[in-house]
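Line by line, the protein sequences are chains A and B.
Add 5 to the 1-based position in the first sequence for this note's numbering, that's all there is to it.
Add 64 to the 1-based position in the second sequence for this note's numbering, that's all there is to it.
Backbone N, C-alpha and C fix where the C-beta goes; we use that ideal spot for every residue, glycine too.
Bear in mind the structure is a predicted one, so any value in this text is a computation, not a measurement.
What follows is one structure encoded as structure tokens, with my remarks underneath.
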Amino acid sequence: MAAPEDRAVARPIAALGRRVALGLDAVGYGASLLGQSTYWLAVGRRKRQPVRAAPVAREMMSVGVSAIPIVSVLAGTIGVMLALQGIDALEPFGAQDQVTFGVALSITREFAPLITGIIVAGRSGAALAARLGTMQINNEIDALSVMGIHPVRYLVVPSLLALIVMVPALSIWADGLALGAAGLYVTSDLGMTFPAYLDGVRAALEPGDVIHGVAKAAIFGALIALVAVVNGSQVRGGAEGVGRATTHSVVQSITLIVLADLIFVFAATR
Amino acid sequence: MATDVAGGEPEHEQKVVEVEDLVVRYGDREILHGVSMDVRRGEVMVIMGGSGSGKSTLLRHLLHLERPASGRIRLLGHEVCGMDDLEWTAFSRHLGVAFQSGALFSSMTVGENVLLPLREHTQLDESTMEIMMRLKLEVVSLAGFENLLPSELSGGMIKRAAFARAIIMDPALLFCDEPSAGLDPVVAASLDELILRLRDALGMTIVVVTHELDSAFRIADRITVLDRGHVLISASVDAVRSSDDPRVQDLLNRRFEEEVPDPEEYLSRLTGERFEAVD
Numbered sequence: 006m007a008a009p010e011d012r013a014v015a016r017p018i019a020a021l022g023r024r025v026a027l028g029l030d031a032v033g034y035g036a037s038l039l040g041q042s043t044y045w046l047a048v049g050r051r052k053r054q055p056v057r058a059a060p061v062a063r064e065m066m067s068v069g070v071s072a073i074p075i076v077s078v079l080a081g082t083i084g085v086m087l088a089l090q091g092i093d094a095l096e097p098f099g100a101q102d103q104v105t106f107g108v109a110l111s112i113t114r115e116f117a118p119l120i121t122g123i124i125v126a127g128r129s130g131a132a133l134a135a136r137l138g139t140m141q142i143n144n145e146i147d148a149l150s151v152m153g154i155h156p157v158r159y160l161v162v163p164s165l166l167a168l169i170v171m172v173p174a175l176s177i178w179a180d181g182l183a184l185g186a187a188g189l190y191v192t193s194d195l196g197m198t199f200p201a202y203l204d205g206v207r208a209a210l211e212p213g214d215v216i217h218g219v220a221k222a223a224i225f226g227a228l229i230a231l232v233a234v235v236n237g238s239q240v241r242g243g244a245e246g247v248g249r250a251t252t253h254s255v256v257q258s259i260t261l262i263v264l265a266d267l268i269f270v271f272a273a274t275r
Numbered sequence: 065m066a067t068d069v070a071g072g073e074p075e076h077e078q079k080v081v082e083v084e085d086l087v088v089r090y091g092d093r094e095i096l097h098g099v100s101m102d103v104r105r106g107e108v109m110v111i112m113g114g115s116g117s118g119k120s121t122l123l124r125h126l127l128h129l130e131r132p133a134s135g136r137i138r139l140l141g142h143e144v145c146g147m148d149d150l151e152w153t154a155f156s157r158h159l160g161v162a163f164q165s166g167a168l169f170s171s172m173t174v175g176e177n178v179l180l181p182l183r184e185h186t187q188l189d190e191s192t193m194e195i196m197m198r199l200k201l202e203v204v205s206l207a208g209f210e211n212l213l214p215s216e217l218s219g220g221m222i223k224r225a226a227f228a229r230a231i232i233m234d235p236a237l238l239f240c241d242e243p244s245a246g247l248d249p250v251v252a253a254s255l256d257e258l259i260l261r262l263r264d265a266l267g268m269t270i271v272v273v274t275h276e277l278d279s280a281f282r283i284a285d286r287i288t289v290l291d292r293g294h295v296l297i298s299a300s301v302d303a304v305r306s307s308d309d310p311r312v313q314d315l316l317n318r319r320f321e322e323e324v325p326d327p328e329e330y331l332s333r334l335t336g337e338r339f340e341a342v343d
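Next comes the structure, spelled out in structure tokens:
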């Protein structure tokens, strides 16, 4: 039998080990879900288990179209905020008219995809984790499995597809809204015409900048879906477990979005 | 996939479920200790036992929701333990399962729940599927309730809707988990009648897991009694009733048998440490 002081040292180490093992297990499960989803997309029809368009469209409506109002409000606000900060920062150098350059690049490459990802993680990622968690504790996922309906094909693929398509789409929408809102402030503050502002934006941006933002947003969409599914499908312990999974899903999604953003930017620029 | 069982035997003697030496472990704990049993075509087999006897664990393994440590399970002539998820997905459409909670999809109406297997597995046109759905709802006495959500149904109605969904594909083998648990005696009796009607009218083989004695004796052709992960008896209703096994009689007469714990195991359970006896 171990001495009490040995146990006091061993317990935190064991707990840390368990957490690391659980984390690795979740990463492996997420990767497996991605693999299975690709499989069902590729061969589902041949196996007489096609991924149907209707649930994908429903998910797209839910994660994409319904999020337009909140994405618009936040994108517009951030556009104005960036314009304010930019003008203020450039004022000492007498270079306020260069604000267009900074605003255009920072919105398309960074702020629009990041803000969109965070909003969707909080809104749709949480909802997906809660839905799957509730289905898990009500045996609904077991029911699918014994009805010969593969749960990944039926539940995961539509959400994954919808998020991979709609987060970039929302990000492009946020680009337009944020640039438009920033333009309204810049033109009113600097006495610039709106067409002149748009010319400045066009001169500042290259297609690669928009693609940079859109590609990141697609990765964020996949991360949100996988994190939500991993958390939702591991729910234990009733309603409290669903609540915990939802919170974990949002926190982990946002953390992973920011980390993935950093890695993506590093890989794309260095 | 063909679902014929091995030929050569009279149809009513054909085994559609065969379990051999099934051992299930969760970590170090062994839950099922070499369980063997079989179910013959067209019969209602009731798997019975008290809480912790392993009957739900056995059902989860029959339904491929968990994998055993060792042993074999054959359903409709197919070895299922070795099936991967894809093979199981293809095979399991030949089975029907009514879960204890119903496991209806809360976002769908009763009708959509019942239609789901048809929509996923057949190419039938919508109007044909809807007729089939209404027929099955008729069978379970839920005609006219197809547009309600599960949250708008009573406990008994949820179980009936789960039955309708389970039988929509006319499965050869139907599993029912605690069909009468938590229901008042009248509703429970009506569900028992439904099970017998499904056996007689549709010729289904039905496996029912329950701890309700009255219900078990009302519907069973044969009974398997489980106790602490062992099969005590698997025989006809009369043979079970007249069994001289004291543990079977304890269960039938609702006698509580107090567990006498092993002192070392008890200490280990309390402290999370392993203790050994000192001579």
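Beta-bridge annotation (DSSP): V125 of chain A is not paired with any residue. If you draw a straight line from the Cα of V99 of chain B to the Cα of S307 of chain B, it comes to about 19 Å. When Cβ pairs closer than 8 Å are counted between the two stretches, the region 123-131 of chain A is seen not to touch the region 22-30 of chain A, the count staying below three. Excluding five sequence positions before and after V251 of chain B, the CB atoms of its chain that fall closer than 7 Å to its own CB belong to G220, given in chain order.
At a cut-off of 8 Å between beta carbons, A134 of chain A makes no contact with chain B. Ranked by Cα distance from G138 of chain A, the first of A:H253, A:E96, A:L203 is A:H253. With respect to the 8 Å criterion, P243 of chain B and L159 of chain B are not classified as neighbours on the basis of their beta carbons. In the assembly as shown, Y90 of chain B is an exposed residue. Its beta-carbon has fewer than 16 other beta-carbons within 10 Å. Taking 8 Å as the threshold, the shortest C-beta distance from D234 of chain B to chain A does not fall below it. Rounded to whole angstroms, the separation of the alpha carbons of L122 of chain B and V103 of chain B is 14 Å. By the neighbour-count definition (other C-beta atoms within 10 Å, threshold 16), S117 of chain B is a buried residue. The Cβ atoms of P212 of chain A and S176 of chain A do not sit closer than 8 Å to each other. Ranking B:V88, B:V304, B:S215, B:E329 by CA distance to the CA of N317 of chain B puts B:V304 first. In summary, V272 of chain B is buried, with 16 or more beta-carbon neighbours lying within 10 Å of its beta-carbon over all protein chains present. Contact of E184 of chain B with chain A is assigned, a C-beta pair being separated by under 8 Å. Pairing H128 of chain B with V144 of chain B gives a Cβ-Cβ distance under 8 Å.
Around the beta carbon of G146 of chain B, fewer than 16 other beta carbons sit within 10 angstroms, so the residue counts as exposed.
When the alpha-carbon of L39 of chain A is set against those of A:A230, A:F116, A:L110, the nearest one is in A:A230. Taking 8 Å as the upper bound for CB-CB distance, L168 of chain B and V81 of chain B are not in contact here, some 25 Å apart. One thing to note: G153 of chain A has its Cβ within 8 Å of the Cβ of S156 of chain B. Boundaries of the beta strand (DSSP E) harbouring H97 of chain B: 93-104, taken from the DSSP string. Contact annotation: L87 of chain A and A187 of chain A have beta-carbon atoms nearer than 8 Å.
Listed along chain B are L127, H128, L129, D149, W152, T153, S156, each with a C-beta nearer than 9 Å to that of S150 of chain A. Here the region 184-200 of chain B makes no contact with the region 264-271 of chain B; the two share fewer than three CB pairs at distances below 8 Å. For H294 of chain B, the enclosing beta strand (DSSP E) has its first and last residue at 294-300. Taking every protein chain shown into account, the CB of E257 of chain B has fewer than 16 other CB atoms within 10 angstroms, so this residue is exposed.
Scanning B:P249, B:V301, B:L290 for the CA closest to the CA of A280 of chain B turns up B:V301. For Q54 of chain A, the chain B residues whose C-beta falls within less than 8 Å of its own C-beta are T153, E184, listed in chain order. If you keep only unbroken alpha helix (DSSP H) runs of at least 4 residues inside the region 214-271 of chain B, you get 219-231, 249-266. Contact annotation: A72 of chain A and V125 of chain A have beta-carbon atoms nearer than 8 Å. With fewer than three CB-CB distances shorter than 8 Å, the region 219-239 of chain A does not count as touching the region 190-197 of chain A. Around G40 of chain A, no beta-carbon contact reaches into chain B at under 8 Å, the shortest distance being about 12 Å. Contact between the region 36-52 of chain A and the region 153-166 of chain A is present, with at least three C-beta pairs closer than 8 Å. Of all residues in the region 141-171 of chain A, those with a C-beta nearer than 8 Å to a C-beta of chain B are N143, N144, E145, D147, A148, S150, V151, M152, G153, I154, H155, Y159, reading in chain order. Taking all protein chains shown into account, S150 of chain A has 16 or more neighbouring C-beta atoms within 10 Å of its C-beta and is therefore buried.
Approximately 5 Å separates the beta-carbon atoms of A183 of chain A and I112 of chain A; this is inside 8 Å, confirming the contact.
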